[in-house]
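Trainee: Read in order, the letters of the sequence shown correspond to residues 0 to 392 in numbering that gives the first Met the number 0.
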Amino acid sequence: MYIQTTLAQVSFGMPLAESLPVTLGQLERSGQSANRVMAFVSATLQRNLNLEQQLRSIIGDRLVACHDGIPAHSPRPAVWQAMQMARQHDADVLLSIGGGSIMDACKLIQLCLNADIQDEDELLRYARRGDGSTGDLYGASADKSSRSAVCQIAVPSTLSGAEFSENAGILNPVTASKEGYRGAGLSPRAIIYDPHLAQHTPMWLWLSTAVRSLDHAVEGYCSADAYPYLQGQYLAAMRLFSKSLPDVLRSPQDGELRTVLQQAVWLAGAALGKVRHGASHGIGYILGAQCGVPHGYTSCVMLPAVLKWNAQETVIQQREMAEAMGAGETPLGDWLQDWVRGMDLPASLRDLGVGREQLARIAESAARHPVVRNNPRSIQSSDEVMQILELAW
0 MYIQTTLAQV SFGMPLAESL PVTLGQLERS GQSANRVMAF VSATLQRNLN
50 LEQQLRSIIG DRLVACHDGI PAHSPRPAVW QAMQMARQHD ADVLLSIGGG
100 SIMDACKLIQ LCLNADIQDE DELLRYARRG DGSTGDLYGA SADKSSRSAV
150 CQIAVPSTLS GAEFSENAGI LNPVTASKEG YRGAGLSPRA IIYDPHLAQH
200 TPMWLWLSTA VRSLDHAVEG YCSADAYPYL QGQYLAAMRL FSKSLPDVLR
250 SPQDGELRTV LQQAVWLAGA ALGKVRHGAS HGIGYILGAQ CGVPHGYTSC
300 VMLPAVLKWN AQETVIQQRE MAEAMGAGET PLGDWLQDWV RGMDLPASLR
350 DLGVGREQLA RIAESAARHP VVRNNPRSIQ SSDEVMQILE LAW
């Protein structure tokens, strides 16, 4: 059974102004240095809320810098530049406020600072490249630095669940592929869920990242690595998402409803990065890297298609998941596609602007991707991936 060892605390329902000082104090009592906080924030939230000013009023001189320049998908050049800023400011806590791209960037920055990585060639020794090959230090602990360990406090503004993973996905813009970094201790030390801050997240992003977390639960439930205790958590997440997510459209200012969905993310994020996912995640990585599609949108489109393609291999699992989500006798892939469409989210590759001429290249890349090859129904060729893409078309 997987037990999260890095995450020390999760807080729900309190505004950041109340929870952040408490969290920093708890970190200090545990022996973590927390005097030099560098914030990495969503550019949209910074523009709309002036987060830097708010943070200075909350923690004063502890805030050494505020950076809002991490783009979607965490391109490595941008993350490396941000890491150099954190090194210059001698940050001991990385405060991420935003979505998965910012949290993943902070994981990589944490790795670089704690392992004393001085150049990008050395960094690539810790990477799993887009073709599945790995550096000789992939998965190694970051323990080479003589300084006190840097940690992350995550304040998620979306429902992607990246805060529960010890993995970071970083875009290599030269090869248009995702690099993976992982290691014990890379997940945030603390998570703060502020339902009021989340109300400033665009609705399309809030809804689609919830589908991303639902994707974690569904593919985790069908994984060969799953076990009953974990599957119980996944089913609980599915119930909460299916019942509560459409309600947000009717009551966007309901803080309690947003807290319920944040709790669903915690359930869906159980063992995230430790349980192998399948083709929905793997093809989604390709769509993100090659086509610039947000990860939430990739799950909206690919999860129903993959469920349809996997139906013959996951009959029992799909029946159990359909019961949890209230699908009745409707095949789960069909029900989920209609559910997604009912929230005005993209439900096909055409909706995403992916051209038919792009499918062959996507299929070829996906067929080689190690996550795709973990799919419950075996995928051995680009022709099989193309069958899934046709279902998503």
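Cβ atoms here follow ideal geometry from the backbone N, Cα and C, with glycine treated the same way.
Tell me, please, which residues DSSP counts as bridged to leucine 136.
Mentor: For leucine 136, which the question treats as bridged, DSSP gives no partner whatsoever.
Trainee: With a threshold of 7 Å on Cβ separation, who are the neighbours of serine 145 within its own chain once the five nearest residues in sequence on each side are excluded?
Mentor: With a pLDDT of only 44 at serine 145, under 50, the local geometry of the prediction cannot be trusted, and the value read off the model is given with reservation. Hits under 7 Å: none found.
Trainee: From the DSSP output, read off the bridge partner residues of glutamate 178.
Mentor: BP columns for glutamate 178 point to Ile169.
Trainee: Within a Cβ cutoff of 7 Å, which residues of the same chain sit near asparagine 373, ignoring the five residues on either side of it in sequence?
Mentor: So the list reads Arg275, His276, Gly277, once near-sequence residues are dropped.
Trainee: Where does serine 144 sit, in a helix, a strand or coil, going by DSSP?
Mentor: Per-residue confidence for serine 144 stands at a pLDDT of 48, beneath the threshold of 50, marking its modelled position as unreliable; the derived number appears in the next sentence. Residue state, collapsed to three classes: coil.
Trainee: Among Cys150, Tyr137, Glu51, which has the Cα closest to the Cα of leucine 112?
Mentor: With distances taken between Cα atoms, leucine 112 lies closest to Cys150.
Trainee: Quick one: what does DSSP say glutamine 311 is sitting in, helix, strand or coil?
Mentor: Glutamine 311: coil per DSSP, three-state reduction.
Trainee: Can you give the Cα-Cα distance for serine 381 and tryptophan 265, rounded to whole angstroms?
Mentor: Roughly 34 Å separates the two Cα atoms.
Trainee: Compute the distance between the beta-carbons of leucine 260 and leucine 302, then report whether it is under 8 Å.
Mentor: No; because the gap between Cβ atoms is not below 8 Å, this pair is not in contact.
Trainee: State yes or no: is the C-beta of leucine 239 within less than 8 Å of the C-beta of glutamine 262?
Mentor: For leucine 239 and glutamine 262, yes; Cβs fall inside 8 Å.
Trainee: Return the chain-ordered list of same chain residues with a C-beta closer than 7 Å to the C-beta of leucine 62, the five sequence neighbours on each side being excluded.
Mentor: Around leucine 62: Val36, Ala38, Leu54, Arg55.
Trainee: Using only the alpha-carbon positions, how far apart do glutamine 386 and alanine 304 sit?
Mentor: Each residue's alpha carbon lies about 9 Å from the other.
Trainee: Helix, strand or coil: how does DSSP classify tyrosine 284 here?
Mentor: The answer is helix: DSSP assigns tyrosine 284 an H, G or I state.
Trainee: Answer yes if the stretch 280 to 292 comes into contact with the stretch 359 to 373, meaning at least three C-beta pairs across the two stretches below 8 Å, and no otherwise.
Mentor: Yes: at least three Cβ pairs fall under 8 Å.
Trainee: Go ahead and label glycine 291 buried or exposed: buried means 16 or more other beta carbons lie within 10 angstroms of its beta carbon, across all protein chains shown.
Mentor: Result: exposed.
Trainee: Given a cut-off of 8 Å on the beta-carbon distance, is the pair glutamine 198 and proline 251 in contact?
Mentor: Contact: yes.
Trainee: Check this for me: beta carbons of leucine 170 and histidine 72, under 8 Å apart or not?
Mentor: A contact, by the Cβ cut-off of 8 Å.
Trainee: Measuring only the C-alpha atoms, how far is tyrosine 1 from glycine 231?
Mentor: At tyrosine 1, the pLDDT of 48 sits below 50, so the modelled position is not reliable; the number obtained from the coordinates is stated separately. Their backbone Cα atoms lie some 14 Å apart in a straight line.
Trainee: Relative to the C-alpha of aspartate 115, which residue among Ser100, Ile101, Ala85 is closest?
Mentor: That would be Ala85, whose Cα lies nearest to the Cα of aspartate 115.
Trainee: I need the boundaries of the beta strand (DSSP E) containing proline 155, first residue and last residue.
Mentor: It spans 150 to 155 - the beta strand (DSSP E) in which proline 155 sits, taken as one unbroken run.
Trainee: Determine the contact status of leucine 358 and cysteine 299, defining contact as a CB-CB distance below 8 Å.
Mentor: Not closer than 8 Å, so no.
Trainee: When you compare the stretch 102 to 110 with the stretch 160 to 167, are there three or more beta-carbon pairs, one atom per stretch, that lie closer than 8 Å?
Mentor: Yes, since at least three Cβ pairs between the stretch 102 to 110 and the stretch 160 to 167 fall closer than 8 Å, the two stretches touch.
Trainee: Is glycine 219 closer than 8 Å to tyrosine 233 when the C-beta atoms are compared?
Mentor: Yes, these two residues count as a Cβ contact at 8 Å.
Trainee: Just how far apart, CA to CA, sit alanine 267 and asparagine 309?
Mentor: For alanine 267 and asparagine 309, the distance between alpha carbons rounds to 20 Å.
Trainee: What did DSSP end up calling glycine 131 once you bin it into helix, strand or coil?
Mentor: Residue state, collapsed to three classes: coil.
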